[in-house]
Each structure stands twice: as C-alpha cells, then as structure tokens.
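A.B. asks: Numbering (the numbering used here), first residue to last: 1 to 357. Below is one structure. I have some questions about it.
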Amino acid sequence: MMWSCTCDSPPIINLTDAFLGKGYAKEKSTLLCSTLEKWGWCHVTLVEDELDFSFPSFEKSTFLQTFSEDRKEELLQQGAIYRGREAESGSSSSQATEPKQSWEISRCCGKKGNNTFLPFLESMHSVATAVGGILSFPKETMLKEERCHCSSSSDAEKQTPCNIDLLRVFLYDPDPTALGSSPHTDWGTLTVVWQDNVGGLETYCPVHQVYNEVSPQEKKDETQRLCHFVVHVGDVTSLTLGHASGGGKGDQKVQFPSPLHRVQCPKKSDEPRISLVYFCYPPPPLSLATLEQRIQDHVVSPNHSSTTKVPYDSYYLLQNQTSGQTADNDPEAVYQQIREKPLGDVFRAKWGQVQRE
C-alpha cells in the first residue's frame, strides 16, 4: 500500500538545527508546528554528523538478535519485560490476537539497570524533548523530561514524580492476512517511532476513509548518516490543546489530532518487521485538568477557535479496550470521570485493558 488518498502527505522535517538549540531554527519550528497541527504526525530526520553527540546505530540485526532464546535471559536480568505473541491487543474483540513479540523498557531509573536498550531509549527521548521544546510545552508538564529519583538514597529526591515513559521494541511475524497492531490512537503526549525498511505503519485519513502507508525513509545521501523517525501526537496532547483553546461543541476541526493508526504484518514469509516505539507521558501525578490549566498560555497556534469540536469518540484513551467488551461507553462521560484523576492511575488502568497475559 502506498499513499491512498488525494490529501497531501506530511512533509519530512530536518530537526538537526532544533536539536542543536539554534533558536529552534524558526522556519523548521513553524513547519513542525503547522504539520502536527494539521496531520498529527510527520517524518523527522537528524543528520548525525552535525550533532554534538553520537546516536546509537539503529540496525535491524541488532534488534532481531534480542529475540533469540540465548539473549532473552540476559535481557530479563537487565530489567526488560518480555511480552509474547498473545500478550496484548488494542482491540476489544476477544478473538483479536496480534502476531508480534516485544520488549518493554521503562525510563524509570529504578527499573532500568544496565539495559541493552538504554542508548536507544535515551536517544528517542531526546527527540521527543526537542519536539516538545518546539511546541512550547511548559517544562515538566506535557513531558517528564527530568530523570526520576526513585532509586535515590535521598528521601527528598524520592518524593519527585517517577518517569513512566516506555520504549517498546516490536518484532512482527510475517503474515499476509493479519494486522500486527489493530487500529488505535496512542494515549500519551507524543510517540516517536523508528521502523525498518519493511514498513507496515499506516495512518487513517478520515476525509477519504482509507489508511495510508507511512513509508520507511531510505537514505538518499550515503555521505550523511541520517536518523529517520516518525513523530505523532497522542490523546493527552490533542485533548489538552483542544480544551485549552476553548474546545466545545462547534464544528471547527480540532487542532493537533491524535492520529488513528495500525500496523500491517509483513507480507513476505522470510522478512519479519522490527520497530522501536517510544511512548511519552506527562508526570504521573498531573491530571488532564492540570495540564489544560498550565498550557492555557502555551497554545502554539493563534488559529484555534472557540468553536473547536473535541472528538471524544476518536480517542482510545476514552474507550474500553478490555477483551470481550462492546464499545458502548460514552467517551465524553469517561473524559469527565478521569479529568481530575492523576494520569499515572489512568494509564495503569489502560495498560490493564490491553494486556492479555
């Protein structure tokens, strides 16, 4: 599948200057904001040779090896969590199993240990932090940027909020008839994705009601070492910006949509798919109500309308994804129920809905 509809596709944005703190490179900053405001996702690239630090090498073979039997015990000892082929599903259908395996690595310093995946986790966290800076997110509000201190010997430091960001390393089985990830939106703030050249990630176009392939980006210049990522908006960001900008019952399309997406399993029998997905969340004690209040003065676009319609039924954060449940809950009522709750509690309840083991 290629780009299936007649809508424009999001541009590819080079964030190297933003990463280096060059005034967040005003032109690229404006382009990133307007792109996420319209589509909710985009491709970003970094020229590694121009950075003042080294990214780890994102090589498919490195990640494939971590799923071999002789590596599993080592990674478990390092603190990574293994989830098998029937471990989870974003679909509420009791029959929906997703043919994939994954490793889960927390950014919480008390759980990390000396983990093989840490360099990749930290590099993808830095991409999210740069994007958050460009979007003018207030510090320690939409993103938990500081390291947590839950393993510190200092009682005072232990009182600081923990970090619940997650890196997931996915291995999708080849299966020409199956979805590796059922349609869903991501619940958090931002998601940063690296995928191999097999591809499979697709986003939904609500205008033409079709899925479009998010094509893997190939290196076009062998003289440059490029890192390619996909960044997309999560439910918390879309809901927060929608309400902070006067969300109501009007017909104006919400800015910064949380894109519905899915993953197709590889079609070729000898070609599994690898992707790394970094899920960013706000500090767990904060609530949606607190985020909306804090971000009121930091809404990026001046074009938000007081008649913006907040599409509650499009956010999977507000849906019941428990196996065997029908989607008969009222998403707007769910929003009102969770609005004042600590988001850490909200996300833990959601993880309980999708985990099948």
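For glycine and all other residues, C-beta sits at the position ideal for the given N, C-alpha and C.
DSSP three-state label for residue 351, please.
C.D. replies: Helix.
A.B. asks: Could you have a look at residue 28 and say whether DSSP puts it in helix, strand or coil?
C.D. replies: Three-state result, residue 28: helix.
A.B. asks: Can you tell me which of 50, 41, 101, 39 puts its alpha carbon nearest to the alpha carbon of residue 65?
C.D. replies: Nearest C-alpha to residue 65: 101.
A.B. asks: Under DSSP, the beta strand (DSSP E) around residue 293 begins and ends at which residues?
C.D. replies: Residue 293 -> not in any beta strand (DSSP E); alpha helix (DSSP H) instead, spanning 288-295.
A.B. asks: Please report the Cβ distance between residue 179 and residue 263, rounded to the nearest whole angstrom; I am assuming they are in contact, meaning their Cβ atoms lie under 8 Å.
C.D. replies: Indeed, because the Cβ distance is near 7 Å, the residues count as touching under 8 Å.
A.B. asks: First and last residue of the alpha helix (DSSP H) that includes residue 334?
C.D. replies: It spans 331-338 - the alpha helix (DSSP H) in which residue 334 sits, taken as one unbroken run.
A.B. asks: Given a cut-off of 8 Å, decide if residue 281 and residue 144 are closer than it, judged by their beta-carbon atoms.
C.D. replies: In this structure, residue 281 lies closer than 8 Å to residue 144 by Cβ.
A.B. asks: Do you know how far the Cα of residue 340 is from the Cα of residue 203?
C.D. replies: The straight-line gap from Cα to Cα measures roughly 31 Å.
A.B. asks: Taking 6 Å as the limit between beta carbons, can you name the residues of its chain near residue 288, skipping five residues before and five after?
C.D. replies: Same-chain partners within the cutoff: 339.
A.B. asks: Are at least three pairs of beta-carbons, each pair with one atom in the region 169-176 and one in the region 269-283, less than 8 Å apart?
C.D. replies: Counting Cβ pairs under 8 Å, three or more are found: they touch.
A.B. asks: Out of 161, 62, 10, which has the shortest C-alpha to C-alpha gap to residue 342?
C.D. replies: Checked all of 161, 62, 10; the closest Cα to residue 342 is 161.
A.B. asks: Who are the near neighbours of residue 329 in its chain, counting only those whose CB is closer than 6 Å to its CB and skipping five residues on each side?
C.D. replies: 320, listed in sequence order.
A.B. asks: What residues in its chain sit with their C-beta under 7 Å from that of residue 285, if we drop five residues either side in the sequence?
C.D. replies: Counting only Cβ-Cβ distances below 7 Å, and skipping sequence neighbours, we find 161, 342, 344.
A.B. asks: What is the DSSP secondary structure of residue 279, counted as helix, strand or coil?
C.D. replies: Note: residue 279 maps to strand in three-state DSSP.
A.B. asks: Can you tell me whether residue 37 is buried or exposed? The criterion is at least 16 other CB atoms within 10 Å of its CB, across all chains shown.
C.D. replies: Counting Cβ neighbours within 10 Å, residue 37 comes out buried, since at least 16 surround it.
A.B. asks: Please classify residue 107: is it buried, with 16 or more other beta-carbons within 10 angstroms of its beta-carbon, or exposed?
C.D. replies: Residue 107 is buried by the Cβ-count criterion.
A.B. asks: Quick check on DSSP: helix, strand or coil for residue 207?
C.D. replies: Residue 207: coil per DSSP, three-state reduction.
A.B. asks: Please classify residue 268 as buried or exposed, where buried requires at least 16 neighbouring CB atoms within 10 angstroms.
C.D. replies: Exposed, because fewer than 16 other Cβ atoms sit within 10 Å of the Cβ of residue 268.
A.B. asks: Using the rule of at least 16 other Cβ atoms within 10 Å of the residue's Cβ for burial, across every protein chain shown, is residue 234 buried or exposed?
C.D. replies: Burial call: buried.
A.B. asks: Would residue 229 and residue 187 qualify as a contact pair, given that the criterion is a beta-carbon distance under 8 Å?
C.D. replies: For residue 229 and residue 187, no; Cβs fall outside 8 Å.
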